[in-house]
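Scroll down for the structure; my scribbles are underneath it.
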Amino acid sequence: MAAPVEQKMAAARELGLPIATAPGVGGAGALDPQWRQAAAAALLRRAAAHREWGERSAAVASARSLAEQAFSRQGTREQLKALKDQLRELQSQLTETLSIQSRRESKVKLTTESISDTTTMIERLSNSVTDLRDKRAKRTTVLTEQLQGVKFVFNKIDLQNPEKEYSFCINFDKDRYNWTLPVSPVAGPDVSAAPFASPSPNPMVTSVGNRSEDVTNLSHSRSKNKKRSLPAKRGATALSTASPGDLRRTPRAKAS
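Numbered by our numbering, the letters in the sequence shown go through residues 513 to 768 in order.
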């Protein structure tokens with residue numbers, strides 16, 4: 513019994529409650545019932561205070577956790593918002609980069625087409641230059657041949673072989689024409705006269721056969737006849753252009 517009483521007295525001292533002792537017992541008598549009730553009430557109040565403190569602590573802890581969660585959520589929202597802004601910025605940069613890339617690709621395509629067109633044009637110009645060079649070479653060759661001489665070809669001269677061709681060439685040598693006849697397969701006399709004068713000291717004139725000689729003589733005779741007929745024609749023309757008075761006066765003038 514002494515131990516529980518001492519424990520209660522120690523608890524009462526901690527709570528600051530008065531300790532009453534029974535009279536006549538030298539300070540160690542039985543406890544007062546009022547004091548017991550007061551001690552029990554104090555214990556109840558203390559237990560209630562402990563429970564309230566625990567509840568408050570739990571509420572504070574829950575509030576703190578809620579606040580931390582709220583702060584964490586708010587931070588997460590802010591981070592999410594920042595990430596969204598960064599994503600929008602990246603999307604805008606990507607769009608700008610794609611537009612720049614598309615412009616560059618279009619420029620590259622245009623440049624490639626321009627280079628292709630230029631290459632085609634260069635090839636055409638090279639072909640045209642080559643053609644012009646070939647034409648110039650051909651013209652130079654033709655002019656050189658023409659400067660060297662002109663070749664005349666005749667056929668249907670030989671009655672036995674009409675398809676046989678005869679030719680002669682007129683050369684231009686030092687501002688003078690020099691013409692020669694090729695050797696005929698049929699031997700014949702040399703032609704002594706020709707319609708072209710040969711200024712060279714030793715003109716090389718060869719017959720093309722009896723038929724060609726006859727043709728040459730015939731042309732000479734025709735030219736002589738034309739020369740003889742020219743004065744007669746001129747006289748007839750003068751008489752036709754003269755007036756009748758002139759024709760009548762002419763005999764008188766002769767008679768006088």
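Positions of the beta carbon are idealized from the N, C-alpha and C atoms, including for glycine.
Residue 663: member of the beta strand (DSSP E) spanning 662-666, first to last residue. Counting every other CB atom within 10 Å of its CB across the protein chains shown gives residue 560 a total below 16, marking it as exposed. Rounded to whole angstroms, the separation of the alpha carbons of residue 662 and residue 672 is 28 angstroms. Taking all protein chains shown into account, residue 670 has 16 or more neighbouring C-beta atoms within 10 Å of its C-beta and is therefore buried.
Sequence-distant partners of residue 667 (beyond 5 residues in either direction) whose C-beta falls short of 8 angstroms from its own C-beta, in its chain, are 674, 675, 676, 677, 678. Straight through space, the alpha carbons of residue 621 and residue 586 are spaced by roughly 51 angstroms. In this structure, DSSP gives residue 683 an extended state, which the three-state scheme calls strand.
Residues of the same chain with their beta carbon placed closer than 7 angstroms to that of residue 606 are lacking, with the five preceding and five following residues left out of the count.
Residue 589 and residue 595 have their alpha carbons spaced roughly 9 angstroms apart. Here the alpha carbon of residue 575 sits roughly 19 angstroms from the alpha carbon of residue 562.
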